[in-house]
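153 is the number that the working numbering gives to position 134 of the sequence shown; each next residue is one higher, with no gaps. Accompanying notes for the structure given below.
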Amino acid sequence: MTTARAYVMHPDDAPGFWQLGNLWRVMATGVQTGNSFCLLDQLVMPDGGGPCTHTHAQDEGLYVVSGHCTFNAGGLTIPAPAGSFVSVPRRTEHSFTVDAPSTQLLNFYLPAGFEIILMGLAHPAERNALPPPGVPLPPRRL
């Protein structure tokens, strides 16, 4: 069993990953939280971007730091401007569309584990910004 300890992670120090046009910064992992949750800071591709309909094995919470998204979750369409919080229970089909030129989300997953999937599917970010267009999946995942 992992024991959680107090710590601080600054955005510029967080491990960054590029996946599907987004920058994900890993702010807290299961190792740091005793596997209770993970926290990811996400800069999302502009206007019209967003994931297709999907599910997670974990409960997911999303806080819109800046920008605007429209979430589709559990049969609901949810406009989410900056300051909004969206809760998506595990195994609930959901997606979202970015409705702004610049959007930042804080995603948390309970319990931890999603960060491991993300890090396995994404490229380590070369800089603390959105990736250039066309960054493919890592070769080991193709």
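The C-beta atom is built at its ideal place from N, Cα and C for all residues, glycine as well. These figures come from a predicted structure and were not determined experimentally.
Cα atoms of PHE133 and GLN51: separation of roughly 14 Å, rounded to the nearest angstrom. Secondary structure in the region 29–67: the alpha helix (DSSP H) runs of 4 residues or longer, each lying completely within the stretch, are 49–52 in chain order. Cβ contact annotation for THR48 (same chain, cutoff 7 Å, sequence separation greater than five): CYS57, ALA131, GLU134, in chain order. In the structure shown, GLU112 falls within a coil segment according to DSSP collapsed to helix, strand and coil.
For GLY139, the enclosing alpha helix (DSSP H) starts and ends at 133–140. Taking all protein chains in view, the Cβ of CYS88 is crowded by 16 or more other Cβ atoms within 10 Å, so the residue is classified as buried. Scanning HIS73, ALA148, ALA99 for the CA closest to the CA of ASP32 turns up ALA148. Restricting attention to beta strand (DSSP E) runs no shorter than 3 residues, the region 63–93 encloses them at 78–85, 87–92, ordered along the chain. By alpha-carbon distance to LEU124, the top candidate from LEU140, GLY102, HIS142 is GLY102. DSSP, reduced to helix, strand and coil, places VAL27 outside both helices and strands of the structure shown, so it counts as coil. Following the DSSP letters along the chain, one finds SER106 inside the beta strand (DSSP E) bounded by residues 104–107. Judged by DSSP secondary structure, ASN126 falls within the beta strand (DSSP E) whose first and last residues are 122–129. Contact fails between the region 93–110 and the region 136–147, because fewer than three Cβ pairs, one in each stretch, are under 8 Å apart.
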